[in-house]
Amino acid sequence: MDSFHDTALAATQEMRTVFPESPLLRNAHLSERFGADIWLKREDLSPVRSYKLRGAFNAMRKRRDAGLFVCASAGNHAQGVAYMCRQFGIRGVIFMPVTTPQQKIQKTRMFGGDFIEIRMIGDYFDDCLAAAQAFCAENGGHFLSPFDDPDVIEGQASVGVEIETQLGRVPDHLVVPVGGGGLSAGLVSYFGTGCQYTFVEPSGGACLRAALEAGKPVTLETVNTFADGAAVARIGQETFARLKGVGIANTLAVDEDRLCTTILEMLNVEGVVLEPAGALAVDALKDLGQSIRGRTVVCVTSGGNFDFERLPEVKERAQRYSGIKKYFILRLPQRPGALRDFLNLLGPDDDIARFEYLKKSARNFGSVLIGIETVTPESFATLFARLDEHGYVYRDITDDEVLAQFVI
């Protein structure tokens, strides 16, 4: 065994004094659907509903004499650090952006209790991070990175230790979500070339792929924060040093709207609550196809901190991606019976979900914003054909991101 393998085993054994291993569960639904033996490593069932407490535990157990730990996070890392501050009886100061949802603030405070202080600074994470690092330097604490730290990486490798023990062997294929790279770097360092990997990123935050293409970590110009647990602008320096040889062919970028279909499927079919980043590995199965048939595949469901206030947005995005909900602007005559004429063109499965219209004086026509839900995407082809036949002027704005965000 190499030294990393040994230290990862030791770290995992130490963790058992604080929290139990997360379950590795075979999923019959996914196994049948994709023709493979598919297992889910349920990090969403950890005490803080993500794997982040592993890295926090390992770093803090090695540096207890620091006395003060500081981090910047709006999510799972903050909760992992808070949980461990209480466990070790060590003071922690956690910086969070002012825009952080109250649910995440409350959970962080609940996990840390009197051992932590939460400071709300900055509208954006970069401002929050700068404030945390400045505070740490001034007060002599230890800044705990969410991923770019050798001890954090070693702690995250415990996911791999447990997979191998629970499965009884190394899986054929491991599907891992990537944010800053802490989890994936830990697993690659532990398993080496013993299995095949797929590293999954959200399309709006594919920092690993960008780094592999450039040959070094680079900063993305823009990041889509929907999958906030994995939406990172720049892969870590330490993590990339361990991932630089994985190959672009082993990476996948997942569309955020398609990801919503998987979140809903896992919730409705399996009763599994996953945050967007936690659903990345499961969603990636759709792209792996024949490459995984007949093989033993482990997907890491990295987190389940899902705010149910986001459920309407997730459903909306899933429906739009699936083509069963569209928004369009219709030019409608301003005369009695015009609306009835339009409604008569709708099919039996077409349901109006949004209708906004204000009659304009001294005009022959008015613009109507309409949202329609249906059962199959083909229903819209039929509807639009009827509209064209009857001379209606309309514009489909479903995929116009700027306009859709403004009016929907």
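The sequence shown begins at 136 in the working numbering and counts up by one. Even glycine gets a Cβ: it sits at the ideal position worked out from N, Cα and C. As the structure is a computational prediction, the values presented were derived from the model and not from experiment.
Coarse secondary structure for residue i, derived from DSSP in three states
i	result
residue 212	helix
residue 396	helix
residue 541	helix
residue 530	strand
residue 350	coil
residue 185	strand
residue 523	helix
residue 496	coil
residue 280	coil
residue 340	helix
residue 448	helix
residue 437	coil
residue 360	coil
residue 374	helix
residue 504	strand
residue 218	helix
residue 259	coil
residue 536	helix
residue 295	helix
residue 368	coil
residue 379	coil
residue 409	coil
residue 510	coil
residue 404	helix
residue 304	coil
residue 264	helix
residue 455	helix
residue 200	helix
Residue closest to residue i, alpha-carbon to alpha-carbon, out of the options
i	options	result
residue 287	261, 259, 320 and 425	320
residue 545	428, 309 and 244	In the structure as shown, the chain begins at 136 and stops at 543. Residue 545 is therefore absent and cannot be evaluated.
residue 271	227, 350, 161 and 515	227
residue 449	251, 404 and 361	361
residue 409	369, 431, 318 and 312	312
residue 496	469, 455, 487 and 479	469
residue 304	160, 431, 451 and 513	431
residue 299	378, 415, 159 and 472	159
residue 517	482, 472 and 180	482
residue 246	148, 214, 229 and 485	214
residue 530	540, 503, 514 and 541	503
residue 402	441, 501 and 429	441
residue 183	241, 199 and 145	241
residue 225	201, 150 and 233	201
residue 297	365, 154 and 352	154
residue 219	526, 195 and 238	195
residue 455	255, 488 and 436	488
residue 429	306, 475 and 389	306
residue 514	458, 541, 349 and 494	458
Where the beta strand (DSSP E) containing residue i begins and where it ends
i	result
residue 227	226-231
residue 207	203-207
residue 489	486-491
residue 419	Where residue 419 is concerned, there is no enclosing beta strand (DSSP E), although the alpha helix (DSSP H) it sits in stretches over 415-423.
residue 173	172-177
residue 462	460-468
residue 309	308-312
Residue interval of the alpha helix (DSSP H) (run including residue i)
i	result
residue 138	138-150
residue 325	317-326
residue 156	No alpha helix (DSSP H) contains residue 156, which DSSP labels as neither H nor E.
residue 285	285-291
residue 474	473-478
Cβ distance (whole Å) where residue i is taken to contact residue j below 8 Å
i	j	result
residue 323	residue 381	7 Å
residue 205	residue 276	5 Å
residue 438	residue 211	6 Å
residue 314	residue 282	7 Å
residue 374	residue 316	3 Å
residue 461	residue 533	5 Å
residue 419	residue 387	5 Å
residue 337	residue 415	7 Å
residue 325	residue 140	6 Å
residue 258	residue 233	6 Å
residue 157	residue 180	5 Å
residue 266	residue 256	4 Å
residue 143	residue 293	6 Å
residue 544	residue 178	Residue 544 is absent from the model: the chain starts at 136 and stops at 543.
residue 485	residue 509	5 Å
Cross-strand partners of residue i (DSSP beta bridge)
i	result
residue 271	In the DSSP output, where bridge partners are listed per residue, residue 271 has none listed.
residue 164	Bridge partners of residue 164: none, in fact.
residue 234	None, per the DSSP bridge assignment.
residue 386	334
residue 252	228
residue 431	172
Interface flag, residue i vs chain D, CB-CB below 8 Å
i	result
residue 387	Any reference to chain D falls outside this structure, which holds one protein chain only.
Closer than 7 Å: residue i CB and nearest the ligand PLP heavy atom
i	result
residue 198	Absence of the ligand PLP is noted for the structure shown, with no ligands found whatsoever.
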